[in-house]
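To start, the structure under review is shown below, and the notes come after it.
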Amino acid sequence: MIASIKIVEGPVWRYYNCPDPQWAEKCSSCRRQISAEPAVCVECVNCWKVEIWKHGKAFYQVDFDRLMDRVHLISDAPVIAKASRAPIQVVRTGVPDTGYPDLVIDDLLVLYARSIAGREALRRLVQVSLGLSREAADLIPVRRGCWRFDPVLGPWQSWYPVDSDWPEIH
Ligand SMILES: [Zn+2]
1303 MIASIKIVEG
1313 PVWRYYNCPD
1323 PQWAEKCSSC
1333 RRQISAEPAV
1343 CVECVNCWKV
1353 EIWKHGKAFY
1363 QVDFDRLMDR
1373 VHLISDAPVI
1383 AKASRAPIQV
1393 VRTGVPDTGY
1403 PDLVIDDLLV
1413 LYARSIAGRE
1423 ALRRLVQVSL
1433 GLSREAADLI
1443 PVRRGCWRFD
1453 PVLGPWQSWY
1463 PVDSDWPEIH
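When we follow our numbering, the leftmost residue of the sequence shown carries the number 1303, and every step to the right adds one.
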């Protein structure tokens, strides 16, 4: 790995470029919000995940560390991500559903973005890093928020217009 990529190992996930070693998960603020009040909130709406399943349909297998190295080299900003340390259940809640592996369990690398533009920028970084066609890159599944919230809030596509960000005041 490139030394400037910060790695934190947890019991289930290997985190890349996390803000600090105590950082448990990107979505802890989403979880806090939802458990305090089960309603769609800005943290979840502006929380996009790009799901790189190792045996997904966009490419022929991926080495996550090598991909993160390549993404890091061409990205303007550190890319926040986590990779499962062992195969996990393939949960098919993202779009397109045709991009998922034909497996029950698989390794997963999750890349995080805070906006739709950011999400698509990540897709392009992966496309370039892996030498994919645009059509192949479009097979990489993405979703908004965490799949654990769907039973509480309904399917994520119903939370907010799927092509819009929730405006954030800075
Ligand atoms: Zn989140």
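A virtual CB, placed ideally from N, CA and C, is assigned to each residue, including glycine.
### Query
With 16 other CB atoms within 10 Å as the buried threshold, where does A1379 fall?
Position 77 of the sequence shown, counted from the start, is the residue given in the question as residue 1379. So A1379 counts as exposed.
### Task
Give me the Cα-Cα distance between G1456 and R1445, rounded to the nearest whole angstrom.
As a first step, residue 1456 must be located in the sequence shown, where it is residue number 154. As a first step, residue 1445 must be located in the sequence shown, where it is residue number 143. Roughly 13 Å separates the two Cα atoms.
### Query
With distances taken from CA atoms, which of A1305, V1314, A1360, D1467 is nearest R1426?
Taking the first residue of the sequence shown as position 1, residue 1426 is located at position 124. Measuring from the Cα of R1426, the nearest candidate turns out to be A1360.
### Query
Does the Cβ-Cβ distance between Y1318 and I1382 come in under 9 Å?
Residue numbering aside, residue 1318 sits at position 16 when the sequence shown is read from its first letter. Residue numbering aside, residue 1382 sits at position 80 when the sequence shown is read from its first letter. Yes, the Cβ-Cβ distance between Y1318 and I1382 is below 9 Å.
#### Entry: E1345 Cβ short of 8 Å to ligand 1 heavy atom set
What you label residue 1345 is simply residue 43 of the sequence shown in a count that begins at 1. Indeed, a heavy atom of ligand 1 lies less than 8 Å from the Cβ.
### Task
Taking only runs that begin and end inside the segment 1349–1431, name each unbroken alpha helix (DSSP H) of 4 or more residues, in chain order.
1366–1376
#### Entry: Burial state of L1411 (16 or more Cβ within 10 Å)
Within the sequence shown, numbered from 1, the residue matching residue 1411 stands at position 109. When all chains shown are included, L1411 counts as buried.
### Query
Any heavy atom of ligand 1 within a distance shorter than 8 Å of the CB on K1328?
As a first step, residue 1328 is located in the sequence shown; it is residue number 26 there, counting from the start. Yes, the beta carbon of K1328 sits closer than 8 Å to at least one heavy atom of ligand 1.
### Task
Leaving aside the five residues before and after C1448 along the sequence, list all residues of the same chain whose C-beta is less than 7 Å from its C-beta, in chain order.
Stepping through the sequence shown from its first residue, residue 1448 is reached at position 146. Here the set comprises C1329, C1332.
### Task
May I ask you to report which of helix, strand or coil DSSP gives I1309?
The residue given as residue 1309 occupies position 7 in the sequence shown. Three-state DSSP puts I1309 in a strand.
### Close-in-space but distant-in-sequence residues of the same chain around Q1429 (CB under 7 Å, 5 per side omitted)
Residue numbering aside, residue 1429 sits at position 127 when the sequence shown is read from its first letter. Cβ within range, chain order: R1436, A1439.
### Close Cβ partners of F1451 (< 8 Å) along its chain, the five nearest in sequence each way excluded
Here residue 1451 is taken as the residue at index 149 of the sequence shown, counted from 1. C1332, I1336, C1346, W1458.
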